[in-house]
Amino acid sequence: MKVDGPFMKTPSLRGDVLSRIGAILQKDEGLDSKLLSVCKVLSGTVPHYDWVGFYLVDPEKDRELVLGPFVGAPTEHVRIPFGKGICGQAAATGMLFLVPDVLKEGNYLSCSPDVRSEIVVPILDGDRVLGELDIDSHMMDPFDGWDRELLGSVCHMVGPSIILGK
Ligand code: SME
248 MKVDGPFMKT PSLRGDVLSR IGAILQKDEG LDSKLLSVCK VLSGTVPHYD WVGFYLVDPE
308 KDRELVLGPF VGAPTEHVRI PFGKGICGQA AATGMLFLVP DVLKEGNYLS CSPDVRSEIV
368 VPILDGDRVL GELDIDSHMM DPFDGWDREL LGSVCHMVGP SIILGK
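Here my numbering is used: position 10 in the sequence shown is 257, and no number is missing along the way.
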C-alpha cells in the first residue's frame, strides 16, 4: 500500500492491513496463493519487513518445518528441524520469538548478512504447531507491541486455511 508521509504504526493501519488479509483469505484461490498474498501485503506495507515468509510443519516428517510462500531474498533454509535456529525454537515451544539483534542470538540460522533482527510467530491449532510466520528486518530492534499484535492476529487468521489446506 502506498502511503503519504512517514510510516506510522497506528491502530488504524493495523486494522486496514488485517481487513485486507481477511479479504484475501476469503478468496477461493488455493493456500499457497493466499499465503503469498499475505506476505505481499505485509512486506508492501511495513518498511522494516524485509523478508516475510511462512514455514509449515511437514506432516510427512517428524518435527520439521518446510519453507512455504515468501517474499524476499531466496534462503538456503528450506527445511528446519524443530529446535534449530529461531524458527525451530518457535516451532518446538509454540512461543513467539522476538530477536532484536540476531548477532546476540546463539541459536540462529543466518539467511543474509543484511539481517539485523527477526520475529517468528507460531501458527497454532490449540497446542499443535501448524507452522509460523517469519519476518527478518535489516533494522536493529524494530519490532514492538504493534508488530506483535498485528502478526499474532495474522497467524490467528491463517490457521483455519492451513488446517483446511486451502
Ligand atoms: N533466521 C531463521 C532462518 C530462516 S530465515 O530467517 C528465512 C532462523 O534462525 O531460524
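We put the beta carbon where it would ideally sit given N, CA and C, even for glycine.
Residue burial classification, residue i (beta-carbon count within 10 angstroms, cutoff 16)
{"i": "D391", "result": "exposed"}
{"i": "I410", "result": "exposed"}
{"i": "S284", "result": "buried"}
{"i": "E379", "result": "buried"}
{"i": "Q425", "result": "As shown, the chain starts at 248 and ends at 413. That puts residue 425 outside it, with no answer to give."}
{"i": "D372", "result": "exposed"}
{"i": "D309", "result": "exposed"}
{"i": "A320", "result": "exposed"}
Pick from the options that is closest to residue i, judged by C-alpha positions
{"i": "V376", "options": "S284, F329 and K281", "result": "F329"}
{"i": "S357", "options": "D372, G332 and V368", "result": "G332"}
{"i": "S266", "options": "G412, G252, L411 and V401", "result": "V401"}
{"i": "V325", "options": "Y302, D309 and G341", "result": "Y302"}
{"i": "P253", "options": "K287, V264, V293 and I271", "result": "V293"}
{"i": "G406", "options": "L282, T257, K308 and R310", "result": "L282"}
{"i": "S280", "options": "V288, G341 and P316", "result": "P316"}
{"i": "M255", "options": "H403, D394 and M404", "result": "D394"}
{"i": "D374", "options": "D305, D263, A339 and G353", "result": "A339"}
{"i": "L312", "options": "G341, T257, I327 and T322", "result": "I327"}
Proximal residues to residue i (C-beta, below 8 Å), its chain only, five neighbours per side dropped
{"i": "M387", "result": "P347, D348, R363 and S364"}
{"i": "G399", "result": "L343 and V368"}
{"i": "S416", "result": "The structure shown does not extend to residue 416, since the chain is modelled only from 248 through 413, so no value can be given for it."}
6 Å CB neighbourhood of residue i in its chain, flanking five on each side removed
{"i": "D383", "result": "D297, W298, V362 and E365"}
{"i": "S290", "result": "Y296, V299 and V318"}
{"i": "G269", "result": "none"}
{"i": "E352", "result": "V346"}
{"i": "K287", "result": "V318"}
Chain-order list of residues whose beta-carbon lies under 7 Å from that of residue i (same chain, five-residue window excluded)
{"i": "E396", "result": "R261"}
{"i": "K413", "result": "G277 and L278"}
{"i": "P389", "result": "H295 and S364"}
* Asked: Which residue spans inside the stretch 257 to 328 form an unbroken beta strand (DSSP E) run of at least 3?
  -> The qualifying runs are 298 to 304, 311 to 318 and 326 to 328.
* Asked: Where in the stretch 329 to 403 do unbroken runs of the beta strand (DSSP E), each at least 3 residues long, occur, reported from the N-terminal end onward?
  -> The stretch 329 to 403 contains these whole beta strand (DSSP E) runs: 344 to 346, 364 to 372 and 375 to 384.
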